[in-house]
Amino acid sequence: MAHTPPQVPEQIASSWQRNSGQVKAWRPGVNQLALVCFILSLLVLLLAWELGARLGLFSQLMPPASQTAVAFWGWISNPFYDYGPNDKGIGWHLLVSLRRVLTGFTLGSLIAVPLGVLIGLSQVASKASDPYIQLLKPVSPLAWLPLGLGLLKSSESTALFVIAITSIWPTLISTKFGVSNVDSTYLDVARSLGASRWRTIWKVILPAAAPNIVSGLRISIGIAWLVIVAAEILVGGTGMGYFVWNEWNNLQITSIISAIIVIGLVGLLLDRLFGLLLYWVSFGRNP
Amino acid sequence: MTVYSQSGSLFPKAAVSTAQLSLRHISRVFPGRNSWADRLLRKTSADFVALSEISLDVTANTFVSIIGPSGCGKSTLLNIIGGLTEPSEGLVLINGQTIHGPGPDRGIVFQNYALMPWMTVAENIRFAVETVHPKLPLAEQKNTVQKYINLVGLRGAERKHPHELSGGMRQRVGLARALAIDPQILLMDEPFGALDALTRGFLQDEIERIWEQQRKTVILITHSIEEALLLSDRIVMMTRGPAAKIAQILEVPFPRPRHRDKISEHPAYRELKVEMERHLLRETRAVEESRIRASV
Numbered sequence: 001m002a003h004t005p006p007q008v009p010e011q012i013a014s015s016w017q018r019n020s021g022q023v024k025a026w027r028p029g030v031n032q033l034a035l036v037c038f039i040l041s042l043l044v045l046l047l048a049w050e051l052g053a054r055l056g057l058f059s060q061l062m063p064p065a066s067q068t069a070v071a072f073w074g075w076i077s078n079p080f081y082d083y084g085p086n087d088k089g090i091g092w093h094l095l096v097s098l099r100r101v102l103t104g105f106t107l108g109s110l111i112a113v114p115l116g117v118l119i120g121l122s123q124v125a126s127k128a129s130d131p132y133i134q135l136l137k138p139v140s141p142l143a144w145l146p147l148g149l150g151l152l153k154s155s156e157s158t159a160l161f162v163i164a165i166t167s168i169w170p171t172l173i174s175t176k177f178g179v180s181n182v183d184s185t186y187l188d189v190a191r192s193l194g195a196s197r198w199r200t201i202w203k204v205i206l207p208a209a210a211p212n213i214v215s216g217l218r219i220s221i222g223i224a225w226l227v228i229v230a231a232e233i234l235v236g237g238t239g240m241g242y243f244v245w246n247e248w249n250n251l252q253i254t255s256i257i258s259a260i261i262v263i264g265l266v267g268l269l270l271d272r273l274f275g276l277l278l279y280w281v282s283f284g285r286n287p
Numbered sequence: 288m289t290v291y292s293q294s295g296s297l298f299p300k301a302a303v304s305t306a307q308l309s310l311r312h313i314s315r316v317f318p319g320r321n322s323w324a325d326r327l328l329r330k331t332s333a334d335f336v337a338l339s340e341i342s343l344d345v346t347a348n349t350f351v352s353i354i355g356p357s358g359c360g361k362s363t364l365l366n367i368i369g370g371l372t373e374p375s376e377g378l379v380l381i382n383g384q385t386i387h388g389p390g391p392d393r394g395i396v397f398q399n400y401a402l403m404p405w406m407t408v409a410e411n412i413r414f415a416v417e418t419v420h421p422k423l424p425l426a427e428q429k430n431t432v433q434k435y436i437n438l439v440g441l442r443g444a445e446r447k448h449p450h451e452l453s454g455g456m457r458q459r460v461g462l463a464r465a466l467a468i469d470p471q472i473l474l475m476d477e478p479f480g481a482l483d484a485l486t487r488g489f490l491q492d493e494i495e496r497i498w499e500q501q502r503k504t505v506i507l508i509t510h511s512i513e514e515a516l517l518l519s520d521r522i523v524m525m526t527r528g529p530a531a532k533i534a535q536i537l538e539v540p541f542p543r544p545r546h547r548d549k550i551s552e553h554p555a556y557r558e559l560k561v562e563m564e565r566h567l568l569r570e571t572r573a574v575e576e577s578r579i580r581a582s583v
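Chains as they are written, first to last, in our numbering: chain A, 1 to 287; chain B, 288 to 583.
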């Protein structure tokens with residue numbers, strides 16, 4: 001097939017010909033450019049940190065970046081050592097925190113998802129429960145901590161209790177929203193076929209609301225991971241929060257920064273896992 | 288001359304007819320806001336009469352199209368026949384029995400396909416079969432599903448999810464789902480409205496082919512004159528809303544099986560087409576003019 005080039009003005013045409021003569025010029029895409037910017041800014045930050053600490057521009061406590069990097073490598077290259085209750089590898093603390101978060105999150109979700117479905121299905125229940133949700137949602141989970149200690153009389157159960165309470169609200173609200181906003185055409189299909197209420201809930205409403213439910217769970221686990229560190233600082237004993245506080249008492253700033261990076265990476269991983277789950281239940285819909 | 292008009296309200300109320308589907312004096316009013324709270328806030332609005340006094344008899348195994356200007360309440364009428372919307376007044380009878388709500392005697396093909404995104408093609412159809420016949424053995428359910436997948440030409444796409452299909456293929460699934468419950472009456476609400484012209488023509492031919500195999504009673508809502516002429520035995524033309532009525536019913540005499548290129552050679556084709564164009568143009572113009580007046 002004959003290909004006729006479009007009419008272009010002289011000037012543009014000449015530059016076009018000049019370019020087309022070359023072998024495909026390499027042009028960085030958005031991703032490559034962003035990566036370069038990220039690496040450059042990281043290098044600048046690390047350099048400023050290193051120099052600032054060495055020249056004593058910050059507080060006396062602040063270690064230089066190189067020293068922190070060595071300490072970080074020390075922590076993550078041997079995460080599972082155990083020299084008594086006050087000297088354990090960071091891996092043990094991480095596992096304890098993860099276990100607490102997952103247990104508390106599961107407990108909270110087991111309450112939030114069914115309750116959210118129930119509330120979402122009934123307008124009356126939705127409106128009746130709204131004052132509770134609106135009142136309790138903005139309360140910092142740590143405010144529940146003394147209540148938990150008083151009621152449960154155990155620091156371990158209190159941590160789980162706080163995480164469970166934390167995990168409830170985003171999941172509950174998102175589940176309720178998803179269930180009460182199912183596309184009415186899906187419901188029309190079920191109705192036109194004469195599907196029972198139970199079958200409609202199980203086969204239509206729950207899968208239709210699944211992206212919202214998982215979005216709620218994703219926010220919940222993110223907040224739970226935020227809160228566990230604070231809760232463990234207060235409750236003590238083991239866990240990443242305890243580790244951070246213990247290292248503060250030792251004035252080991254390098255360890256604290258190492259812990260911050262580990263906490264961040266694990267939080268990122270949890271978020272990505274739920275992002276994957278969200279993709280799995282969405283089937284091409286935008287949640 | 289096969290074109291004649293009849294006023295819907297001439298049907299006697301108590302007549303016992305042989306019609307499979309009868310609409311008796313159907314009206315649909317969407318109530319306005321007139322509670323004391325609305326009056327206090329000065330947010331009252333008048334009742335909106337969408338449909339008024341629609342009466343229609345459809346004999347078994349005929350293909351009926353309902354055509355009218357946009358916003359005339361065609362879809363509302365179909366939802367009333369489907370049992371998804373209650374009429375404000377009047378009755379819908381199927382084989383002489385008043386219907387209350389939806390039922391598997393009517394299969395609905397939805398305008399926007401309404402496929403469950405989380406189910407595969409086969410699962411979408413099996414959902415319908417299993418809902419209507421919960422006690423049917425699994426093997427037979429699967430046979431039925433496969434039969435209708437083959438009928439609409441989707442063999443090989445059984446395990447795909449709707450988001451992996453084109454619009455035309457999605458509506459084939461919608462059609463297969465409606466047919467798989469073996470309804471007496473098939474209701475189609477502008478089934479090809481969201482498709483491009485080529486796909487639409489292709490699917491219209493498919494509907495014609497399938498209808499030759501399974502002569503069900505069909506009610507098709509459309510705004511395409513060519514589509515109505517290609518597929519229908521009778522064309523119900525509605526007036527503009529509010530208070531839309533049946534203006535005229537046309538009989539389409541073309542022999543079957545029909546072919547897109549052949550029917551335009553039929554002597555009645557031009558006359559029917561001109562008749563419909565004139566009606567739709569007149570009604571649409573009136574709608575536009577009333578909108579312009581309302582916006583001033």
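Note that beta-carbon positions come from the ideal geometry of N, C-alpha and C, so glycine has one too. Computed from a prediction, not measured in an experiment: that's the story for all the values here.
Q. If we ignore side chains and look at the alpha-carbon of each, how far apart do residue 5/A and residue 29/A end up?
A. Residue placement at residue 5/A cannot be trusted, given a pLDDT of 48 that sits under 50; the coordinates are not used to answer.
- Query: Going by alpha carbons, who is nearest to residue 270/A out of 169/A, 249/A, 284/A and 99/A?
  - Reply: 99/A
Segment limits, alpha helix (DSSP H) that includes residue 38/A: 30–54
### Message
Can you look up residue 119/A in the DSSP assignment and give me helix, strand or coil?
### Response
helix
- Determine the direct distance from the alpha carbon of residue 313/B to that of residue 298/B, and round the result to whole angstroms. Confidence at residue 298/B is low in this model, with a pLDDT of 46, below 50, so its placement is unreliable and the value that follows should be read with caution. Looking at the two C-alpha atoms, the distance is approximately 12 Å.
(message) Can you look up residue 414/B in the DSSP assignment and give me helix, strand or coil?
(response) helix
With respect to the alpha helix (DSSP H) encompassing residue 580/B, which residues constitute its N-terminal and C-terminal limits? 554–582
**Prompt:** Cα separation between residue 310/B and residue 379/B?
**Reply:** 5 Å
task = Between the Cα of residue 469/B and those of 545/B, 488/B, 390/B and 542/B, spot the shortest distance and give me the residue it belongs to.
result = 390/B
Under 8 Å Cβ-Cβ, which residues of chain A neighbour residue 419/B?
193 and 194
Are there three or more Cβ pairs, one per stretch, closer than 8 Å when the stretch 481–492 of chain B is compared with the stretch 368–379 of chain B? no
**Request:** Compute the Euclidean distance between the alpha carbons of residue 129/A and residue 177/A, then round it to the nearest angstrom.
**Result:** 13 Å
Whole angstroms are fine: how far does the CA of residue 507/B sit from the CA of residue 567/B? 17 Å
* Asked: Got a sec: is the Cβ-Cβ distance from residue 211/A to anything in chain B below 7 Å?
  -> no
Taking 7 Å as the CB-CB limit, is residue 274/A close to chain B? no
With a cut-off of 7 Å, does the C-beta of residue 337/B fall near any C-beta of chain A?
-> no
Residues of the stretch 388–406 of chain B in Cβ contact with chain A at a cutoff of 9 Å, in chain order, please. 388, 389, 390, 391, 393, 394, 395, 397, 398, 399, 400, 401, 402, 403, 404, 405 and 406
| field | Ranges of the alpha helix (DSSP H) found wholly within the stretch 163–200 of chain A, counting only runs of at least 4 | value | 184–192 and 197–200
Subject >> Reference residue 277/A; option with closest CA among 216/A, 90/A, 249/A and 240/A >> reply: 216/A
| message | For residue 385/B and residue 351/B, I'd like the C-alpha separation in whole angstroms. | response | 20 Å
Point to revise | Positions along the stretch 364–376 of chain B whose CB lies within less than 9 Å of some CB in chain A | key: 366, 369, 370 and 371
Determine the direct distance from the alpha carbon of residue 435/B to that of residue 463/B, and round the result to whole angstroms.
5 Å
Residues of its chain near residue 458/B, where Cβ-Cβ distance is below 6 Å and the 5 sequence neighbours each way are ignored: 400 and 478
Helix, strand or coil: which one does DSSP assign to residue 61/A?
coil
Checklist line | the stretch 236–255 of chain A in contact with the stretch 102–115 of chain A per 3-pair CB rule at 8 Å | finding: no
query = In chain B, which residues lie less than 8 Å from residue 283/A when you measure between Cβ atoms?
reply = 404, 405, 448, 449 and 450
Quick check: the stretch 130–137 of chain A against the stretch 151–163 of chain A, are at least 3 beta-carbon pairs closer than 8 Å?
no
>> Please confirm whether residue 207/A has its beta-carbon closer than 7 Å to some beta-carbon of chain B.
In response: yes
Next item on the list: Run down chain B in chain order and give the residues with a C-beta less than 8 Å from the C-beta of residue 204/A.
Entry: 403
| Beta-carbon spacing of residue 465/B, residue 416/B below 7 Å | no
- Cross-chain neighbours of residue 199/A in chain B, by beta carbon under 7 Å: 418
TODO: Apply the 10 Å Cβ neighbour rule to residue 450/B and answer buried if 16 or more other Cβ atoms are within range, or exposed otherwise.
DONE: exposed
Straight-line CA distance for residue 80/A to residue 87/A? 11 Å
**Request:** Return helix, strand or coil for residue 534/B, following the three-state DSSP convention.
**Result:** strand
Practice prompt. Count the other C-beta atoms from every protein chain shown that fall within 10 angstroms of the C-beta of residue 295/B, then say buried if there are 16 or more, exposed otherwise.
Written response: Low confidence applies here, because residue 295/B scores a pLDDT of 43, under 50, leaving its location unreliable; read the following figure in that light. With 16 or more other Cβ atoms within 10 Å, it is buried.
query = Helix, strand or coil: which one does DSSP assign to residue 219/A?
reply = helix
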